[in-house]
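> Attaching a single structure in structure tokens format; questions to follow.
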Amino acid sequence: MSLRYLAGRAAGMLGTLLGVAVVVFVVLRALPGDTITAKLGTQAAELDADQRAALRHFYGLDASPVTQFLRWFGGLFRGDLGVSIDTGVPVTHLIGDALPVTLELAVLAMIIAVPVGVLAGMLAASRPGAARDLSVQGVGLLGLAVPEFVVATVTVAWLASAFAYTPSAGTFVSLGSSFGGNLRQMLYPALVLGVGLAATVMRTTRSAYLEAAGSDFVRTARGKGLAESRVRFRHILHNAGIPIVTMVGIQFGYLLGGTLVVEQVFALPGLGRLLLDGILHQDYAIVQGVTLLVAGTFVVVNFAVDIVYRLLDPRTRSEGRRA
Amino acid sequence: MTRIPARRWGIGAAILALGAGAMACSPSPSNGDKTGESAQLVVARTADVDVLDPARATAFSTNQTLALVYDRLIQVDPDGKLIPGLATKWTVGDGGKSVTLTLRDGVKFHNGQAFTSADAKASLDRIMDPKTAAVASSYLANVSAVDATDAHTLKLTLKQPDASLLTALSLTGTSMLSAKDIKAGTIDKKPDGTGPYKWKTWKQGQELDLSANADYWNGKPKNAGVQFRVIPDEASIVSGMKSGSFNLGIVSDPALTKQLKGNQKMTLVANPTLDYHVLQLNGRRGPLKNKTVRRAIACAVNRSDAIDTVYFGQAKETGPIVSPAYQYDGTDGLGCKAGDTAAAKKMLASAGYAKGFHLKTIVMTGQYSTSTNLAQVLQSQLGKIGVTLDLDRQQTNVYVPNWSKANFDAAVALNGGSIDPYLQYNRYFTTDGSLKVPAGLTDPKLNSLLRQANSTTDLAKRKQIFGDLSKALNDDSPWVWLFRNQTYYLESKGLTGFTATPSDSLENLRLAGLA
Amino acid sequence: MTQEMPPAATVAPVALPAPRTAGQPSLPRRVVADRNGLIGVVLIGILVLVALASLVHLGQDPLAQHRTGQLTGPSAAHWLGTDQFGRDIAARVAAGIFASLRVAVASVAIATVVGGLLGVLSGFAGGVLDAVVGRLTDVLFAFPATLLALALVAALGHGWFNTAVAIAVVYTPIFVRVSRGPVLTVRESEYVKAGQVLGFSRSRLLFRHVLPNVSAPIAVQVALALSWAILTEAGLSFLGLGTQPPNPSLGLMVSDARNFFPDAWWTLLFPALAVVVAVVGLNLLGDGLRNALDPRSVQR
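For the protein sequence lines, the chains are C, G and B, in the order given. To convert a position in the first sequence, counted from 1, into our numbering, add 188. To convert a position in the second sequence, counted from 1, into our numbering, add 490. To convert a position in the third sequence, counted from 1, into our numbering, add 52.
Below, the structure is given as structure tokens:
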């Protein structure tokens, strides 16, 4: 892996992010309605033309789109993502509050999903075609097929009716202020996210495990008379590790942008809710900032996964670009 | 990798334990077990306060909250009658062109300073100053001068008689502020009023703590304080009530109340408010220009069926006038029984629209939960006379510009009412009203009735005029009036002494305690 | 949208099929011969029939409101019960399935044609075109899929076709990658090289030799993309975007049912079940296709 290759990839990453920034900017400006009304609600109906123009000027909305873009883009280099029109708070603060919630949710979901998914995948692959394989695969398929919003909705309704318990009834407790209180609020949303995730991990594990189990060194290991459990965990799983780690890494990048529905149903103040509110209220700065953050994370994670992959697997070193 | 299986049961057990823990220790109110005067009431609602300056408050929850910290000169009783507030009495003189108010003695601001006519004058002058950009300034548009004739007398001089002025003095927008705070420019930093509660701590978007004002002129509150919690999702407020997290929950989605029948932990109080659901018609467009067509639509709508479906049978039908102080037959002037499909069909045929037509109907989403449901019911009812509502659901920021430019044939709306019918309609149906465009039509008769009503303070005469107004509105049918909006108060079993008001004010919180 | 199945991560690994030899059964036969494929075909077949039935109003009118009998449970008159407006849930689920399938098929059709063509062309032509398409694909991949679909629907406006276009944009890059990869391999293969030597035109090479060889991985991807499209459409309408009331949509029905659950469980269960059956069916069909196309996976 040459330095030149690394530099090329890094430049490509920046190009991608610039593309993302431009696309978000354009799509946002295509939204119907206007920001001023979004902020003032029905009161906006009573504004006259002069007041409206003054407000647009105050929020910098009267400048040309190109000027607005350059202003925002310039701000990026000073760590300034702009100010939310709706709340008047800098977007960096809003993200600072929301990011830990989503990160924690993603980490918890991973903690739940990875062990379950890996074990289930190994169980299924240990005897392909047998009853255990079919039932694990069946459950996994259901895990993928039941929409997250259904699982979340039913969980919330069930907790409330059966246990008179609402994870979101209190104000949100941050991890810093109360570990237990925070975990109580995050557990169920993380479980809901974990269902689909575990199914994905299971499927990847199963196929990677089967692939590895058929290789020569496993036959050799068995031939040496090693204990079956040692063969399974030491040899097969170890070698099936690369695709699993890749999958987990990529899933994590996606989770940052994919917790929206769960955050909405469980009323958690994370990035997803921030985004949805931003889109619905046409709070440009919020949507631009969050998207760039999520896309940036995704691109960096992918890059990292790619580098690790290349280090681990010499065969991929020769190929110029990822296919 | 290889060590994962060893942890399997550990993680599983931890998850189970956490889950059980979560069930067992659901959040509880922060008031501990205190009752009576040391009780701290926890109130859950969906929105937070947005600004701290009463003159600039527009959001409902802001008005609702600041009204607990500040007092007005005049107050309104549950029947819509004006009663003394910081003014003990008022007299209208000079043929309606002046109002003299006597101010209450011995009232103190939370900062300890006494309330005098200088504070009252400074408060009203501040609202009228264009630099303040006060929302309430339009209410005082007829006031030409405010004079403090002595420490406890305030005289307002008017450009012309304005009967609605007294009602305007009872709104949160005209709250009495301290002259000292106005001068220091601290109004929007820390609320400091004469009201029953003092401003304590505020965590924006999360919770607000108010503490009881022991020196309140109308009696010390029967509790130690109120904590407002912001829970954006109404379903969470309901389940929070079920788990005993709040003493009072305020919600608006009628569907939620379905699950509460026979719940032992709380009482559900459905409170009809002054806001009203209405189908606005644009009388400047197409078939709707024809009065007979508009009346046919009004006749075809079956209000009680709509209430059954949208509000599960628990809302109050209303005509044009929503104020409890002025009550009339809501269908007088309509010329038919509401919900009479056959009559409506005949009217449409006589107007030459037997085959019906399509109406571009805008519906606001996001702001209130029932609009989409109501729109679907109206669509089904009007379908029976061949009038097709083409529904277009729009977010607030899309809906409002369309609405204010009257870019619709019909609009499913929830409009704000008032105890003074003049204040309810002058914006829409007077010739210089700020919302005359979305009103859908201009009618000189409506304009003159409204102006007449506001130029007299004689109650009997006003009753007569507003009765005529109600009839004239039905006759013209610019809109189809449906029913009053409803707020639901979920009261925990221990909560005593709280009553809701038509304006959804929480002024009675000061009388509430915990048994 | 919901399960957040990452397009990049789930590009189905499919071995290039050997050119078809005489005597081998046709692809549909091989799919049905596969157990998963058969179940998938049956499930999807049932859904398509139900959706078509809703078109000719075999059951009740999905929009008809009944004043008496709101929120009633399953009965002889209303097989799956009624909703808040007294509307027949069975009719609404059927119409919802139709709406769902319509959006899914349209969006995947757009994504397949546009993405597939771009992928084949850029892979075949290489050079500047390949670089531009590659960069665009990278940009679209970097977006959180949820956000992209959400923002596009908000910008394009309501209506089933706009929803389909929004979902298509999200999934187009997958088809670019799925088709480009095999094209690179095929381009270097002996028979295409031989064709070049023989002086065949580029278009002939493209259509006669390259396209047939990338159609297999695309077929598998189509089945999977349909299932994501159904989940995405349901998720969007759950959030209030996409299909608008009173028109039935599975996601919207679940959203409306929230407040009545668990008391009126039928308002939530049946639309949710329809989504699950569709997604399971399409995934199994995808498995079946993959097995049918991959000679190695026979009898595994």
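All C-beta atoms in this analysis are idealised placements derived from N, C-alpha and C, irrespective of residue type, glycine included.
Does the beta carbon of C/N490 fall short of 6 Å from some heavy atom of the ligand FAD?
The ligand FAD is not part of the structure shown, which contains no ligands of any sort.
> Output needed in chain order: residues of the stretch 191 to 219 of chain B with a Cβ under 9 Å from some Cβ in chain C.
V191, L192, F193, A194, F195, P196, A197, T198, L199, L200, L202, A203, L204, A206, A207, L208, G209
> Go through its chain and collect everything with a Cβ distance to G/A512's Cβ below 7 Å, but skip five positions before and after it.
Because G/A512 sits at a pLDDT of 39, beneath the cut-off of 50, its placement in the model cannot be relied upon, and the point is left open.
> At 3 residues or longer, what runs of the beta strand (DSSP E) sit wholly inside the stretch 184 to 214 of chain B?
none
> If you compare alpha carbons, which of G/A943, G/T664, G/A638 is closest to G/F619?
Per the sequence shown, the amino acid found at residue 619 of chain G is Asp instead of Phe. Looking at the Cα atoms, G/T664 is the closest of the given residues.
> Count the CB pairs spanning the stretch 633 to 653 of chain G and the stretch 670 to 685 of chain G that are closer than 8 Å, and state whether there are at least three.
no
> Specify the secondary structure class of B/W131 as computed by DSSP and reduced to three states.
Coil at B/W131, not helix or strand.
> So if DSSP puts G/K693 in a beta bridge, which residue, or which two residues, is it bridged to?
G/E697
> Which parts of the stretch 385 to 431 of chain C are runs of the alpha helix (DSSP H), unbroken and 4 residues or longer, counting only runs that do not cross its ends?
404 to 411
> Give a yes or no on whether 7 Å exceeds the smallest Cβ distance from B/L276 to chain C.
Not an interface residue.
> Could you round the C-beta distance between C/I424 and C/V406 to whole angstroms and report it? I think they count as a contact, below 8 Å.
6 Å
> So if DSSP puts G/Q717 in a beta bridge, which residue, or which two residues, is it bridged to?
G/V532, G/D699
> What is the DSSP secondary structure of C/F454, counted as helix, strand or coil?
Annotated three-state conformation of C/F454 is helix, per DSSP.
> What are the boundary residues of the alpha helix (DSSP H) that includes C/E336?
Residues 336 to 351.
> List the DSSP bridge partners of G/Y766.
Looking at the DSSP assignment, G/Y766 forms a beta bridge with G/N905, G/R974.
> Taking C/F257 as the reference, which of C/A286, C/V214, C/A409 has the closest Cα?
C/V214
> What is the residue span of the alpha helix (DSSP H) that B/V83 lies within?
Start and end: 79 to 85.
> Check whether chain G comes within 7 Å of B/F290, counting only Cβ atoms and requiring the distance to be less than that.
no
> Along the beta strand (DSSP E) that carries G/H848, what are the first and last residues, could you check?
Where G/H848 is concerned, the enclosing beta strand (DSSP E) stretches over 847 to 855.
> Given that C/W529 touches chain B, what residues does it touch there, using C-beta distances under 9 Å?
This structure cannot settle anything about residue 529 of chain C, because the visible part of chain C is limited to 189 through 511.
> Does DSSP classify B/P314 as helix, strand or coil?
coil
> Would you mind telling me which residues of chain G sit closer than 7 Å to C/L202, beta carbon to beta carbon, in chain order?
Here the premise fails: no neighbours, minimum Cβ distance about 34 Å.
> Taking all protein chains shown into account, do 16 or more other C-beta atoms lie within 10 angstroms of the C-beta of G/N998, making it buried, or fewer, making it exposed?
exposed
> In chain B, which residues lie with their C-beta within 8 Å of the C-beta of G/L881?
Q296, P297, P298
> Against chain C, with Cβ distances strictly below 7 Å, would B/N343 count as a contact?
no
> Going by DSSP, which residues form a beta bridge with G/W580?
G/L591
> Hey, does C/L468 have any beta-carbon neighbour from chain G nearer than 7 Å?
yes
> Taking 7 Å as the CB-CB limit, is G/V539 close to chain C?
no
> Using the three-state DSSP reduction, which class does G/P574 fall into: helix, strand or coil?
strand
> Provide the residue(s) that pair with G/G1003 in DSSP beta bridges, ordered along the chain.
G/T986
> What residues from chain G crowd round B/F137, counting only those whose CB sits closer than 8 Å?
Those are T799, N863, Q866, V867, S870, listed as they occur along chain G.
> Less than 7 Å separating the beta-carbons of G/Q871 and G/N792?
Contact: yes.
> Quick check on B/T284: buried or exposed, where buried means 16 or more other Cβ atoms within 10 Å of its Cβ?
Label assigned to B/T284: buried.
> Thinking G/N601 and G/D682 are a contact (beta carbons under 8 Å), I'd like their distance in whole angstroms, please.
5 Å
> Who are the neighbours of C/A455 on chain G, taking C-beta pairs under 8 Å?
Correct list: I721, P722, D723, S726.
> Shorter than 7 Å from the beta carbon of G/L999 to some beta carbon of chain B?
no
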